[in-house]
Structure formats: C-alpha cells, structure tokens
Amino acid sequence: MKALLVNPSSPESYWSGVRSLRFAGRRCLLPPLGLLTVASLLPPRWRLDLADENVAEIRDERLRAADVAMLTGMLVQRDSLQKLLARCRALGVRTVVGGPYATTFPEDLAAADHVAVGEGEEFVPRLAADLEAGTAARVYRAEGWPDLAGLPPPRFDLLPKRVYRQMAIQFSRGCPFDCEFCDVVRLYGRRPRTKSPRQFVGELEALRATGFRGDVFVVDDNFVGDRAAARAALAEVARWRRGTRVPFRFYTQAGLSLADDPPLAEAMVAAGFDAVFVGVETPNPQALREAGKPQNLRAPLERIESLRRRGLEVWGGFILGFDADGPDIFDRLAEFVERAAIPYAMVGLLGALPGTRLYRRLAAEGRLRADLLWRGDQFGVTNVIHRLPLDQLLAGYRRVMERLYSPEGYFARCRESLRTWSPARGAPRVRLSWDDLRAGLRSFVGQGIKGPYRRSYLRFLAWALAHRPGKLPRAVTMAAVGHHFIEFTSDKLVPALEAARLALAREGNVSESSPAPSSP
9 MKALLVNPSS PESYWSGVRS LRFAGRRCLL PPLGLLTVAS LLPPRWRLDL
59 ADENVAEIRD ERLRAADVAM LTGMLVQRDS LQKLLARCRA LGVRTVVGGP
109 YATTFPEDLA AADHVAVGEG EEFVPRLAAD LEAGTAARVY RAEGWPDLAG
159 LPPPRFDLLP KRVYRQMAIQ FSRGCPFDCE FCDVVRLYGR RPRTKSPRQF
209 VGELEALRAT GFRGDVFVVD DNFVGDRAAA RAALAEVARW RRGTRVPFRF
259 YTQAGLSLAD DPPLAEAMVA AGFDAVFVGV ETPNPQALRE AGKPQNLRAP
309 LERIESLRRR GLEVWGGFIL GFDADGPDIF DRLAEFVERA AIPYAMVGLL
359 GALPGTRLYR RLAAEGRLRA DLLWRGDQFG VTNVIHRLPL DQLLAGYRRV
409 MERLYSPEGY FARCRESLRT WSPARGAPRV RLSWDDLRAG LRSFVGQGIK
459 GPYRRSYLRF LAWALAHRPG KLPRAVTMAA VGHHFIEFTS DKLVPALEAA
509 RLALAREGNV SESSPAPSSP
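So the mapping is simple: this note's numbering equals the position in the sequence shown, first residue as 1, plus 8.
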C-alpha cells in the first residue's frame, strides 16, 4: 500500500522565519515531526512518501498516485487542510486526518474519509490494518495517554535533503502546569510522559545518520516537566555527544522555574543546549494570577539573567489583553522585554483555544466573538472580547511591536543579551560549517550592503567584533534571524493591525481613549 503523508501549508507568521531562510538556502524552518512519528508506526511493507506544502506545491499526480493520503494539521492550517481535503475528494483519493486540529474539531472534517482523534500510538497499527482490509472506521479515538517508552524512532529518512533549516525531535509530552489559556494539558495530559534516555539518544543517532548537522529543536512543551527524567536523558546525551562529537545545537521550551534549579540548567548546557523558550507571558502580576501562572511571579528578570549567565539564551512568549491589563500594559511589556534583553520576543493577543479553561470561562461570560472564524493566530484580532477596547488594544499592540522590532530596538536587545550570555565551562564546542559561513556571507550582503537598515546592522556587528569577538558567529546568527522579525513586523503585521483599526473606525467602534498609533 502506498501512503502520502501530507503537511498543509501554514500562514506566514513570526514562527515561520521564512524571510531569513534565504540566507541559509533553505525552504522551510522545521519538518513535520508528527507525520514522521506516524510513519514509524505504519507497516514496513508500506511505501511512504512525504509531501510538505511549506516546501513545494503538491501536484495532483502525486495525490493520485497514493492509495491513501494521511494529513495532519493545527488550527492555523485549517484553510489549507480543507483545500487539500477537497482536492483529494475530487480526485477520488482516500484521506485520513489526524493531529491537533482533528483532535479539537473532528466534527469539522466532513470532507475526510477517516478522522484520527488523539495520540495515534495505540490505534495507528489497527488503522493501517483496517485500511488494507477495506474495513476502516470513520473515527479512531485514543482512549488515554500512550506510554512513549519503546516507540520506534521517527522516519527521518523520509525527509528530503537540504530543505529544512533545523530538525525536530521529542523527549516528552504533557506539562505539570495548567495555565488557563493553554491547551497542552487537554491534548497531552498533566503528567509528563517521557522516553528513556537510551531511546532518546537512539533517535538522535537516527537523525545523525541522515547527514543533518546544525540546530535541533526539542519540541516538548516543557522539557523539564519531569526533572528527574530530564536529568537522566541529559547525562546520556552528554555522553553520546562526547563519543560522536556530532555538531548538534539544541534548544527547547521550559518553564521559568528552570532558573530555580541551577544544576539542571547546567546539565542542559553540558548536553549541548544553548537556548530556551520561556512563556513569560506578562509583567503584570495580577494577570499572571488570573492566568493560573503564579510560578512566574517571583523575580522574573533575575531568573532570566540567571539562565543566560549559565549559558542558556532566553527567548520569550508574551500575551497582551488579559482582563487585568490596563492602558499602561503596552509600555510596561516593552520595557520588560528590553530590560530582560530577550532578542526573540513573541508577543501576541490573548486568544481562547477550544477546550481550555479560558475558553470555558469566556463562553460562560458571553465573551467569545461569534462574528470571527479564528484560526489560532495570535498576531492579530482573536476570538476574545477583551476588557480593553479592541481599537485601543490594536493600537497599543502595534506600538509594542514597532518598538521591539525596529532595527535599533532589536539590535539593542541583542547587544545586551550577548553581554551576559556565554557558553558555560565544559559546554561542547560546535565548529562553524561551510553552510554556516555561506549563510553568514549571504546575511552580510542582504542586511549589511543591500538592506534598508544596514547602518544599524553594521553598528551591531562592529560592536560585537570590538567588545565580544568570541561571540561574533552568534551575533551574525542573531542578526540574520532578526531579519524576518523586522521585515514581518513592518511589511505584514503593522499594515494588518492598521487595516483592522480602520475597519473598527468605519464601524464606529473606536473608543475616545484610544491612543493613536505611532508613525511607521
């Protein structure tokens, strides 16, 4: 049987990084790890093909050649997923849809032949047998949280060469915290489930066997949710790295409480981690309590600096529009990001994901927008009726993003981050590859010679060369990554926010207290 594993296209956002990928000569940032995981559960006799719309258009001939198309998707991929389903139905291609979107909205997938709800480890082999026998059911549903121990490695061998900038791998699922706005607990449970250290290293070895070298995203929602298991895995990874000298650099997601466990942070650095994404959310203590995130209340600036001094560059997620936010939140948030020296700050508006405590609360209060088919993108109007007037929220959000992602603002945070970040003693060294050097040269030409903000770029690199010469490669990388943030803010986000504000004005929904947006 031939299966086509299909990843629908995602809209451009801060997460996609597409405007910086051209420096690296790559088409997409990350591969669809979920599909590679499903592929490992299918019968070895099946012929498998991977098609990623984020990499290239999927032609009808490729769809027709498959006995079954197995599609994944998140909420932000809703439109492209539905279009692919319509194409498959018109071509007579049988379809199976799984992933987070299918788990949340199985009733929204009438165009699919079969729907897989939940984690597929327990039912994918049964689904495959039923497809072969022609007896597949309409819906397959996971009954619980599958054990991750003993699972085969993802099928990294299906990936095309030199297409993805980074690779993705998973160690655990689930999170011990239950933030009001987050759907991780609903999707994966509150008790973290982990792979064994040997199993995790086996997957890294499978990734190494493909010839890939570079950055690896450990996609866990909270890598240190089970600290004892994380410590054991990190020790095994460190031993493996010493034996192989493989040039992987890891980054992941974790709670800010990681800073309260210095030995664990140091173990991450010793294993090859050099960055961590933290859901900081807000500098507003009342909003943190409202969101069910009291673990972030204590000394956030000091904890961020502590992580950075131990060798973990800190990236941050932030949310505007909590009920406790007042008109001062915009300046407070921008000032916090600047003081924390967080170069990659993902700031979005509060949205309510189905199944979360926030969604249930706002539904009960009549504060979910019925006039908006929200697609899960926080970088614009969401499905929440906020306490702050919407036009005021949009104008303030625009001011924050223009401030954070002006070239001067961005490079100032990069400078401050480089001042205090340093690879810890004993951290594995990763030598620059020819790909790194070519990407750096393309970045220099595109940003430092042809770029509209070339003066800010050159001043930043000159500062790094004069004051932190040993960190110059990292400075070049920060500048290259920032190109996407700077351009996406000015070319996409700001015009979209202004259009939304003008639409509100035409409808007469502009509050008298709304501040005027800053000039572009």
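Ideal placement from N, C-alpha and C gives every residue a C-beta, glycine not left out.
Continuous alpha helix (DSSP H) stretch holding PHE281: start and end: Segment 281-289 is the beta strand (DSSP E) holding PHE281; no alpha helix (DSSP H) there.
Whole-angstrom C-beta distance between ALA217 and GLY388, which should lie under 8 Å: Not quite, the Cβ-Cβ distance comes to about 41 Å (not below 8 Å), so this is no contact.
DSSP state of ASN62 mapped onto helix, strand, coil: Three-state DSSP puts ASN62 in coil, outside helix and strand.
Opening and closing residue of the beta strand (DSSP E) in which GLU321 lies: Note, GLU321: beta strand (DSSP E), 321-328.
8 Å contact criterion, which LEU13 and LEU71 should meet: CB distance rounded: That pair is no contact at about 12 Å.
THR103 - partner residues in DSSP beta bridges: Bridge partners of THR103: ALA77.
Selected residue, minimal CA-CA separation from ARG30, among ARG247, ARG170, ALA237 and ARG194: When each option's Cα is compared against that of ARG30, the closest is ARG170.
Strand pairing of VAL123, partner residues [DSSP]: Answer by DSSP bridge pairing, in chain order: VAL105 and VAL147.
Residues bridged to ALA262 [DSSP beta-bridge criterion]: Beta-bridge pairing links ALA262 to VAL286.
Three-state secondary structure assigned by DSSP to MET486: Reduced to three states, the DSSP call for MET486 is helix.
Reduced DSSP secondary structure (H/G/I, E/B, other) of PHE256: Judged by DSSP in its simplified three-state form, PHE256 adopts strand.
Bridge partners - LYS10, DSSP secondary structure assignment: DSSP output for LYS10 lists ARG55 as bridge partner(s).
DSSP three-state assignment for SER180, whether helix, strand or coil: Looking at SER180 - three-state DSSP - the assignment turns out to be strand.
Beta-carbon spacing of CYS183, GLY233 below 8 Å: In contact: CYS183 and GLY233 (Cβ atoms closer than 8 Å).
Contact check, VAL277 vs VAL322, beta carbons under 8 Å: If you check the CB distance, VAL277 and VAL322 do not come in under 8 Å.
Three-state class that DSSP yields for ASN15 in the structure shown: Strand.
Rounded straight-line distance, which links the Cα of VAL345 to that of LEU512: Rounded to the nearest angstrom, the two C-alpha atoms are 29 Å apart.
Three-state secondary structure assigned by DSSP to CYS422: Under the three-state reduction of DSSP, CYS422 is assigned to helix.
Cβ neighbour criterion (16 or more within 10 Å) applied to THR111: Under this definition THR111 is a buried residue.
CYS36, DSSP secondary structure in three states: Strand.
Three-way DSSP call (helix, strand, coil) for SER522 in this model: Confidence is the limiting factor: at SER522 the pLDDT is only 39, short of 50, which leaves the residue's position unreliable, though a coordinate-based value still follows. The three-state reading of DSSP puts SER522 in coil, since its state is none of H, G, I, E or B.
Cut-off 7 Å between Cβ atoms - residues of its own chain near ASP385, not counting five sequence neighbours on either side: Hits under 7 Å: PRO19, SER21 and VAL84.
Close-in-space but distant-in-sequence residues of the same chain around PHE493 (CB under 8 Å, 5 per side omitted): Cβ-Cβ distances below 8 Å link PHE493 to TYR22, TYR352, TYR413 and TYR418 in the same chain, with the five nearest sequence neighbours on each side left out; the list follows chain order.
For MET354, the first and last residue of its enclosing alpha helix (DSSP H): Per DSSP, MET354 belongs to no alpha helix (DSSP H); it is in the beta strand (DSSP E), 353-357.
Contacting residues, own chain, Cβ-Cβ under 8 Å from GLU298 (five flanking each side not counted): So the list reads GLU188, PHE330, ASP331 and ALA332, once near-sequence residues are dropped.
heavy atom of the ligand GDP below 7 Å from ARG173 C-beta: For the ligand GDP, the structure offers nothing, since it holds no ligand at all.
Inter-stretch contact at 8 Å, needing at least 3 Cβ pairs: the stretch 173-180 / the stretch 222-229: Yes, since at least three Cβ pairs between the stretch 173-180 and the stretch 222-229 fall closer than 8 Å, the two stretches touch.
Beta-carbon spacing of ASP282, PRO431 below 8 Å: Contact: yes.
Residue from ARG514, ARG423 and GLY448 whose Cα sits closest to the Cα of HIS475: Ranking the options by Cα distance to HIS475, first place goes to ARG423.
Three-state class that DSSP yields for THR390 in the structure shown: The answer is coil: DSSP assigns THR390 none of H, G, I, E or B.
Alpha carbon of SER24 to alpha carbon of ASP60, nearest angstrom: When rounded, the separation of the alpha-carbon atoms in SER24 and ASP60 is 14 Å.
Rounded separation between ARG34 and VAL453 - CA only: The straight-line gap from Cα to Cα measures roughly 17 Å.
Beta-carbon separation (whole angstroms), ARG315 vs LEU266, contact threshold 8 Å: Looking at the sequence provided, one finds Leu at residue 315 rather than Arg. Taking C-beta atoms under 8 Å as the contact rule, LEU315 and LEU266 qualify, at a distance of about 7 Å.
Three-way DSSP call (helix, strand, coil) for PHE576 in this model: Absent from the model: residue 576. The displayed extent of the chain is 9 to 528, so no value can be given.
Cross-strand partners of TYR172 (DSSP beta bridge): According to DSSP, residue pairing for TYR172 in a beta bridge involves CYS36.
Residues that ARG201 bridges to, as DSSP identifies them: Looking at the DSSP assignment, ARG201 forms a beta bridge with ARG181.
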